[in-house]
Amino acid sequence: MTTTISNSKLKASIKHAGAELFSIKDNLNNEYIWEGNPDFWGKHSPVLFPIVGTLKNNTYTINGIEYQLPRHGFARDMEFELIDKTESKAVFSLKSSDETLKKYPFDFELQLIYTLTENSLDLEYKIINNSKEKMPFSIGAHPAIALPDNFEDYALQFEKEEELKYYLLENDLISSKTKILETTNNKVSLNYELFKNDALIFKKLNSKSLTILKSAKPYIKVDYQDFPSLGIWTKENAPFICIEPWLGYSDTDQNTGNLYEKEGILILDENKNFSAKFSITIL
């Protein structure tokens with residue numbers, strides 16, 4: 034099943050499977066979200082919950098009990114319920130179940146709230162801890178922006194001038210190795226060589242937005258005020274770029290396995306809510 038919302042400028046479509054955004058179109062029918070061709074990458078914009086990235090040995094512990102979670106968690110592979118809908122807004126919900134409790138022993142609700150405002154799509158994540166204990170979690174976005182034409186015609190313009198230090202992955206885990214992403218006037222031109230070692234992972238950025246430029250002209254802006262970390266990723270020769278606001282990231286090989294002690298993890302008190310929002314603006 035799918036749900037579509039619209040306003041006078043944009044139309045957005047979301048799958049109930051994973052509550053995954055798979056289309057943003059303007060009035061000229063231009064598509065801004067990657068089509069999901071499995072020859073490159075068969076997804077569009079999955080939600081990353083209750084972890085972001087990869088756990089050491091795909092395993093963690095809670096109160097001494099061992100559990101397993103796949104890369105980026107399980108929410109992206111589950112059916113969400115549409116619980117509220119207006120012309121320009123849709124709210125999807127995933128609640129804990131016998132299936133999720135085997136992997137993640139917490140009573141939770143995850144809501145994805147999509148809202149169109151003018152030429153922007155806002156995506157809010159709301160996490161509700163219905164457990165009787167503190168709940169560790171991460172949440173992240175993974176939207177793939179379609180880049181028609183030549184990949185090297187595009188560039189990323191960061192909001193602020195800063196040292197863009199990113200961490201390298203080794204065996205899907207965060208290593209201690211870092212590199213600096215060189216910019217000119219806060220701008221970096223895209224090329225596939227940047228991603229030869231997988232994603233660029235920024236644990237912390239001062240910039241809270243970046244703009245994708247096409248032939249030096251603003252194309253799409255992603256605002257991520259609520260997210261301290263960012264991943265940027267594509268696959269070789271793929272006509273898309275993923276701009277990924279994160280609260281959390283992969284383990285290092287030094288992780289103890291205790292999810293409460295995981296670097297970057299958030300801890301939500303019992304019977305409390307948490308929300309974070311980012312937006313995609315068509316320029």
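The opening position of the sequence shown corresponds to residue 34 in the numbering used here, with each subsequent residue numbered one higher.
We put the beta carbon where it would ideally sit given N, CA and C, even for glycine.
- At the C-beta level, I66 and F55 come within 8 Å of one another.
- The stretch 75 to 144 contains, as complete beta strand (DSSP E) runs of 3+ residues, the segments 92 to 95, 98 to 101, 114 to 118, 122 to 128 (chain order).
- DSSP, reduced to helix, strand and coil, places L246 within a strand of the structure shown.
- Pairwise C-beta distances place the stretch 192 to 202 in contact with the stretch 211 to 230, as three or more of them are shorter than 8 Å.
- Annotation for K237: P261, S262 place their beta carbon closer than 7 Å to its own, counting only its chain and skipping 5 residues before and after.
- Annotation for I300: the continuous beta strand (DSSP E) segment containing it runs 299 to 301.
- Leaving aside the five residues that flank K44 on each side, the residues in its chain whose CB is nearer than 7 Å to its CB run, in chain order, T37, K58.
- A straight line joining the alpha-carbon of S171 with that of A249 spans about 35 Å.
- Along the stretch 206 to 263, the beta strand (DSSP E) occurs as fully enclosed runs of 3 or more residues at 206 to 213, 220 to 222, 233 to 235, 242 to 247, 250 to 256, listed in sequence order.
- Taking C-beta atoms as the reference points, N162 and D302 count as a pair closer than 8 Å.
- A direct Cα-to-Cα measurement between G173 and I47 gives close to 17 Å.
- Relative to the Cα of P278, the nearest Cα in the group L233, N288, L316, K268 belongs to L233.
- Counting along the chain, M168 sits inside the beta strand (DSSP E) bounded by residues 168 to 170.
- When the alpha-carbon of F107 is set against those of E53, I98, Y147, the nearest one is in E53.
- Here the stretch 302 to 311 makes no contact with the stretch 94 to 104; the two share fewer than three CB pairs at distances below 8 Å.
- Per the Cβ contact rule, the stretch 136 to 148 is in contact with the stretch 113 to 127 (3 or more Cβ pairs under 8 Å).
- For F311, the enclosing beta strand (DSSP E) stretches over residues 306 to 315.
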